[in-house]
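Participant:
Residue numbers (the numbering used here): 594 to 865.
1. According to the Cβ coordinates, are residue 856 and residue 751 closer than 8 Å?
2. Taking residue 712 as part of the alpha helix (DSSP H), name the residues at either end of that continuous run.
3. Within the region 751–818, note down every full alpha helix (DSSP H) run reaching 4 residues or more, in order along the chain.
4. Determine the burial state of residue 704: buried for a count of at least 16 other Cβ atoms within 10 Å of its Cβ, exposed for fewer.
5. Kindly indicate the opening and closing residues of the beta strand (DSSP E) around residue 693.
6. From the DSSP output, in three-state form, read off residue 859 for me.
7. On the DSSP bridge list, what partners appear for residue 671?
8. Does the beta-carbon of residue 664 have 16 or more other beta-carbons within 10 angstroms, so that it is buried, or is it exposed?
9. Can you tell me the Cα-Cα spacing of residue 816 and residue 680, whole angstroms?
10. Using 8 Å as the threshold, is the C-beta distance between residue 761 and residue 739 below it?
11. Whole angstroms are fine: how far does the CA of residue 682 sit from the CA of residue 845?
12. Report the three-state DSSP secondary structure of residue 836 (helix, strand or coil).
13. Taking all protein chains shown into account, decide if residue 813 is buried (16 or more other Cβ within 10 angstroms of its Cβ) or exposed.
14. Have a look at residue 659 and residue 796 and give me their C-alpha separation to the nearest angstrom.
15. Return the first residue and the last residue of the beta strand (DSSP E) that residue 728 is part of.
16. Quickly, what does DSSP pair residue 828 with across the bridge? List them, please.
17. Tell me where the beta strand (DSSP E) around residue 740 begins and ends.
18. In chain order, what residues of the same chain have a beta carbon less than 7 Å from the beta carbon of residue 822, not counting five sequence neighbours either side?
19. Helix, strand or coil: which one does DSSP assign to residue 851?
As structure tokens, then:
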């Protein structure tokens, strides 16, 4: 009998985004599960984690006094190339669960969900261009077979073919990391404190500014583990009357947990 998804690991991966959405007055979303209708609300945004000047100058120094920063990370900044190398390797090779969201303008969004082990992988991407088109694609790889579901508006198709688990993870990792990369390239970060999660000590960063002209109401944070893997990256700001929001949350999962097959899998198998 298949084992269920490691609930504590999944909960940790979803906790940050769920909390952000709840604080904004919306429902949360969990990796691998269906998103509630209001989870794509463009009004949802990361909480303002920017510390006050006194917190940056005093508390941060005190809390980080005994912290050993991973390669590429320091109190005053992050080397994006190193962060990418460590984080993408984690996404491609380790048992992992994660979600990412992008809100470009009212009605325009992209939602990502990713679950992977050494035997199975599932990746979903929903995109709305803000006008008419809505595309939904999902891939599930198991036992060397790649099952896929593609939907554009009301047109839905299924496919089953030979598929490489490594190749699917490679592409899914790149897609997920693109969201975190957007946060890192737009914002500058400074370490502010450490946080403990299930015995892990993580370093929390806060944005000090963004490379976007006339950006206002800047909010967000970034969290990295001792191996230099970015676990959380969130950024929101307003520009020219439009709200932008980008969130990325990943977490390790138990090696013996299994990726839940999608509900549409029988249809894809029948179409093979």
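Backbone N, C-alpha and C fix where the C-beta goes; we use that ideal spot for every residue, glycine too. Just so we're clear, the structure is a prediction, and the values are computed from it rather than from any experiment.
Facilitator: On the basis of the data shown:
1. no
2. Where residue 712 is concerned, there is no enclosing alpha helix (DSSP H), given that its DSSP letter is neither H nor E.
3. 758–779
4. buried
5. 689–698
6. helix
7. 666
8. exposed
9. 12 Å
10. yes
11. 13 Å
12. strand
13. buried
14. 12 Å
15. 727–735
16. 813, 839
17. 738–745
18. 679, 680, 683
19. coil
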